[in-house]
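A.B. asks:
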Amino acid sequence: MTQETAGHVAAMLRNARNEKGWTQGQLASELGTSQSAVARMEQGKQNLSLKMIQRLENIFDRSIVNVGKPRMTHLRVEGGRTLSGAVDVNSSKNAGVALLCASLINRGTTVLRRLARIEEVNRIVEVLTSIGVECTWLNDTDLRLRRPAVLDLEAMDVDAARRTRSVIMLLGPLLDESREYRLPYAGGCDLGTRTVEPHMQALREFGLSVEATAGFYTVQAPPADTRDRSFVLTERGDTVTENAIMAAAHRPGTTVIRNASPNYMVQDLCFYLQMLGVTIEGVGTTTLRITGRPVIDAEIEYFPSEDPIEAMSLITAGIVTNSEVTVRRVPIEFMEIELATLGQMGQKLEISGEYMARNGRTRLVDVTTKPSELRAPEDKIHPMPFPGLNIDNLPFFAVIAANAHGQTMIHDWVYENRAIYLTELNRLGAQVQLLDPHRIYVNGPTKWRAAEVGCPPALRPAACLLLAMLAARGVSELRNIYVIERGYEDLAERLNTIGAKVEYFQD
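Position in the sequence shown (from 1) plus 38 gives the number in this note's numbering.
1. How many Å lie between residue 245 and residue 71 at the Cα?
2. Determine the closest residue to residue 393 out of 369, 62, 414, 491, with distance taken between C-alpha atoms.
3. Does the separation of the CB atoms of residue 347 and residue 525 fall below 9 Å?
4. Compute the beta-carbon to beta-carbon distance between residue 327 and residue 298, rounded to the nearest angstrom, for a pair I have assumed lies under 8 Å.
5. Any contact of the stretch 470-477 with the stretch 382-400, i.e. 3+ C-beta pairs under 8 Å?
6. Can you list, in chain order, the stretches of the alpha helix (DSSP H) that have 4 or more residues and sit fully within the stretch 136-183?
7. Please work out which residues of its chain come closer than 6 Å, Cβ to Cβ, to residue 421, disregarding the five sequence neighbours upstream and downstream, and give them in chain order.
8. Go ahead and pull the three-state DSSP assignment for residue 298.
9. Residue range of the alpha helix (DSSP H) that residue 279 falls in?
10. Could you work out which residue in 282, 189, 361, 117 is closest to residue 123 when comparing CA atoms only?
11. Between the stretch 304-318 and the stretch 255-263, are three or more C-beta pairs nearer than 8 Å?
12. Buried or exposed: residue 187, going by 16 or more other Cβ atoms within 10 Å of its Cβ?
13. In terms of residues, what are the limits of the alpha helix (DSSP H) holding residue 534?
14. Give me the residue from 310, 318, 312 with the minimum Cα distance to residue 293.
15. What does the alpha-carbon distance come out to for the pair residue 131 and residue 509?
16. Going by C-alpha distance, which of 140, 155, 184 is nearest residue 213?
17. Which residue from 499, 532, 527 puts its Cα closest to that of residue 516?
18. Three-state secondary structure (DSSP) at residue 538?
19. Assuming residue 125 and residue 365 are in contact, meaning their beta carbons sit under 8 Å apart, how far apart are those beta carbons, in whole angstroms?
20. Taking the C-alpha atoms as reference points, what is the distance between residue 211 and residue 185?
21. Taking DSSP's pairing of strands, which residues face residue 124 in a bridge?
22. With DSSP as the reference, label residue 263 as helix, strand or coil.
23. Hey, residue 171 and residue 183 are a contact pair by Cβ (cut 8 Å); roughly how many whole angstroms apart?
24. Does the separation of the CB atoms of residue 167 and residue 220 fall below 9 Å?
25. What does DSSP give as the partner residues of residue 393 in its beta bridges?
26. Looking at residue 468 and residue 443, is the spacing between their C-beta atoms short of 9 Å?
27. Please go through the stretch 429-470 and give each complete alpha helix (DSSP H) segment of 4 or more residues, from N-terminal end onward.
28. Using the DSSP secondary-structure output, state which residues sit across from residue 316 in a beta bridge.
29. With 16 other CB atoms within 10 Å as the buried threshold, where does residue 50 fall?
30. Where do the N-terminal and C-terminal ends of the beta strand (DSSP E) with residue 222 fall, by residue?
31. Going by CA-CA distance only, name the one from 208, 207, 506 that's closest to residue 119.
32. Roughly how many angstroms lie between the CA atoms of residue 121 and residue 350, to the nearest whole one?
33. Rounded to the nearest angstrom, what separates residue 250 and residue 177 at their Cα positions?
34. Look at residue 493 and residue 437 and say whether their C-beta atoms are less than 9 Å apart.
35. Let me know the secondary structure DSSP gives residue 381 once reduced to three states.
36. Applying the criterion that 16 or more other CB atoms from any shown protein chain within 10 Å of the CB defines a buried residue, is residue 110 buried or exposed?
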């Protein structure tokens with residue numbers, strides 16, 4: 039950065055902070071840095087990384103360097119390198135966003151430790167801040183949340199809400215908050231039609247009324263009651279289950295939810311609510327019995343557990359580069375089917391003994407990939423609700439199968455469009471044949487080649503392209519990686535710690 043550019047950035051930063059009415063200390067808290075570092079930034083004496091500039095631009099909702107020009111971030115990958123070393127799995131993105139929503143149930147203070155600093159989390163924090171929640175980053179990963187007695191739902195940041203599908207999970211914790219309010223339609227990945235009707239069906243059991251009108255859900259709170267209720271979810275969805283759990287958590291009486299998801303993020307939510315004093319029986323099963331507490335005022339800190347999808351991403355990096363890589367802090371309960379499937383394909387893995395996550399409940403192991411000769415599995419690979427192969431882990435098997443001898447069928451029956459995005463691997467030399475919107479054939483082994491590819495609008499297929507680029511000799515470019523930033527915290531830098539060569543750049 040030139041001295042002239044540094045001065046320009048410093049002036050822009052001072053002006054943006056002053057317009058927001060923040061002190062340097064408040065900005066430092068948002069950035070998870072020190073006040074002295076902010077002071078140096080505003081004097082043009084602090085070197086700013088591209089990631090820090092992006093974070094500033096997200097906070098102030100403006101371009102810091104190129105005024106008035108939309109900026110996209112890309113990745114440049116020098117592939118064909120053998121990886122080595124060890125990398126830790128970060129905390130779960132999906133658990134993190136659920137816990138942020140659930141913090142509204144607590145009238146006291148919640149501190150979430152080691153929270154993933156990803157765009158999805160940033161968007162929910164922006165929404166919570168806009169309705170009056172005091173959100174303070176204590177450092178890079180610890181977030182303190184204090185909600186006011188009355189939330190200002192009319193002031194909700196609509197733009198931030200529309201950029202995340204997770205906003206739909208506010209319906210449960212806001213069940214009795216206001217007689218009537220509006221919630222923007224949910225956004226997120228483009229994965230075809232993903233109806234919110236299962237959410238509505240579950241929340242109608244509590245008397246909630248929701249009407250869709252002109253880009254918003256108009257929500258009317260149910261009348262107060264103390265009765266017990268029991269119902270079956272017609273779809274064993276993770277976020278649907280979480281919404282129902284959060285609604286039940288602050289309603290008097292006992293709620294029995296059948297066909298509930300027992301997946302990792304649901305368990306994390308239950309552990310947090312149990313620490314708040316909510317009685318929940320059946321955690322880890324498909325039947326939950328919840329006795330709610332209408333008033334919860336607690337001082338609590340909680341560590342979200344590690345993310346099995348990120349674990350699969352990092353394990354895949356070791357496999358596709360035929361490298362020996364140790365992925366530490368893998369939540370084994372939610373990875374057993376994936377690891378067994380890899381074993382059937384000939385992948386050699388070393389798995390350590392078990393130890394406990396920081397939440398005291400989730401079992402972890404370390405997994406080391408070994409160079410292996412892979413073969414296509416005899417049967418198709420398809421996801422199932424937990425304890426089956428995770429729906430979000432399925433796309434990684436497309437990259438892995440491309441390295442295997444033979445033909446693999448992958449059946450992504452959940453989403454209409456996601457399998458289509460996996461055909462983008464063909465740009466890097468793969469042989470992926472689309473059979474229909476849900477099924478692909480992957481023929482291997484693949485001689486990967488470098489290419490420039492645009493990110494598809496779906497998180498996991500986009501990550502698959504990045505992982506394939508690690509195996510492709512030469513220099514590849516992955517364009518417009520915002521969708522990856524939604525779900526991963528500094529994935530490129532962390533891959534670099536085990537020998538990859540990935541760099542951010544902007545046009």
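For each residue, glycine too, the CB sits at the ideal point set by N, CA and C.
The structure displayed is predicted, hence computed values, not measured ones.
C.D. replies: From the atom records:
1. 44 Å
2. 369
3. yes
4. That pair is no contact at about 10 Å.
5. no
6. 157-168
7. 427, 429, 432
8. coil
9. 276-287
10. 361
11. no
12. exposed
13. 529-534
14. 318
15. 26 Å
16. 140
17. 499
18. coil
19. 6 Å
20. 12 Å
21. 364
22. coil
23. 6 Å
24. no
25. 402
26. no
27. 434-440, 456-460
28. Paired residue(s): none; residue 316 is not in a bridge.
29. buried
30. 218-222
31. 506
32. 16 Å
33. 39 Å
34. no
35. helix
36. exposed
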